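Chemist: Quick one: structure below, then a few questions.
Residue numbers (the working numbering): 1115 to 1389.
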C-alpha cells in the first residue's frame, strides 16, 4: 500500500515561525490562520451524558415557557436562547471549560465577555435557519488584524457529513466581501467533529450549517465571546446571583461591563475601580 504523502519538514529563508505547542496552542494558531479549528473540551463520558440530558430537559422547559407555536411562528423553535439561565450549572460549566477559556484568552487581546450562549438544533430533513452562509457578526464587511469575537460551537452530538456538520470558507475572515459562487463551490470545507469537541471560529469567518439527512436532530451549544465593547445578545447579569460566581465568571458574564444608568452611576463605578 502506498504511504500517504506528507509535506516537507525543512524550510529555508524563514526568519520567523510559530513554534509547536499544546493542543490549545495548535487550535489557536489554526484559527488565526484559517479562521477555524477543533478543540477538545476535556469532558469525560459522564459529563457528556449529563450535558446531553440537560440539553433535552432544558429545551422541554424552554418550549413550555415560551410556547412551541409562538417559537415556530418566529422561526425560533430550533434555538434555545441563554440555556445557562434556564438550565443552570451544566451550561455555566460548559461556557467556562478550561481549554476553551485558554483558547479565547489567547485569541482575544485583553478582556472578553460571553456575548451569547444558545442551544442550536439542526433538524432532520427540515429547513434550518443557520443553513445559509453568514458571519456571527452579521452584516459587517470589515476585517481586523486580531479577532474581535470568537465562536465556540460545542458538539452535543457528533458532527458528521450526514447530519449536516458545519461548512466553512477557510481564511474568509481575512477578506471583506463574500466570495463568488464559483469560489464557494471550489473552496468550502465541511468540518466534522466528535461529541464533546468545540468547533472554534473567528466570528468573521463565513460559515453555514449543512443539511441534516440523518434520522435524528443534531444538537449543539453555541458560544460567542467578544471584546467588552459589543453588547450582549441577552443581558445575563440581572438574572444571575453574583455571590455564587467566581471573580472570573463575573467578569466573563459581563458584570463589570453593564451600561451605567446615569452620570452618577458612571462616576460611582469609576470611584469603585480607582478607590
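Glycine residues also receive a C-beta, built at the ideal position from the N, C-alpha and C atoms. The model shown is predicted, which means the values in this text are computed figures rather than measured ones.
Would you say residue 1117 lies against chain E (beta-carbon separation less than 8 Å)?
Modeler: Included in the structure is just one protein chain, with no chain E present.
Chemist: CA-CA distance, residue 1246 and residue 1344?
Modeler: Straight-line Cα distance between these residues: approximately 24 Å.
Chemist: Note down the Cα distance separating residue 1272 from residue 1341, rounded to an integer number of angstroms.
Modeler: If you take the alpha carbons of residue 1272 and residue 1341, they lie about 30 Å apart.
Chemist: In chain order, which alpha helix (DSSP H) runs of at least 4 residues are fully inside the stretch 1115-1154?
Modeler: Within the stretch 1115-1154, the complete alpha helix (DSSP H) runs of at least 4 residues are 1137-1148.
Chemist: In or out: residue 1352 buried (at least 16 other Cβ within 10 Å) or exposed?
Modeler: Its Cβ having fewer than 16 others within 10 Å, residue 1352 is exposed.
Chemist: Going by alpha carbons, who is nearest to residue 1356 out of 1122, 1364 and 1349?
Modeler: Comparing Cα-Cα distances from residue 1356 to each of 1122, 1364 and 1349, the minimum goes to 1364.
Chemist: Leaving out five residues on either side along the sequence, give the residues of the same chain with a beta carbon under 7 Å from the beta carbon of residue 1369.
Modeler: Only 1351 and 1356 meet the Cβ criterion.
Chemist: If I'm right that residue 1347 touches residue 1243 with Cβ under 8 Å, what's the distance once you round it to whole angstroms?
Modeler: That pair is no contact at about 15 Å.
Chemist: Can you find at least 3 beta carbon pairs, one from the stretch 1229-1238 and one from the stretch 1333-1340, that sit closer than 8 Å?
Modeler: Yes, since at least three Cβ pairs between the stretch 1229-1238 and the stretch 1333-1340 fall closer than 8 Å, the two stretches touch.
Chemist: Check whether the stretch 1164-1180 and the stretch 1135-1149 touch, using three or more Cβ-Cβ pairs below 8 Å as the test.
Modeler: The stretch 1164-1180, when compared against the stretch 1135-1149, does not touch it at the 8 Å Cβ threshold.
Chemist: By how many angstroms is the C-alpha of residue 1379 removed from the C-alpha of residue 1285?
Modeler: In a straight line, the C-alpha of residue 1285 is about 42 Å away from that of residue 1379.
Chemist: Closer than 7 Å to a non-hydrogen atom of the ligand SAH - does that hold for the CB of residue 1226?
Modeler: Within the structure as shown, the ligand SAH is missing, as the structure has no ligands at all.
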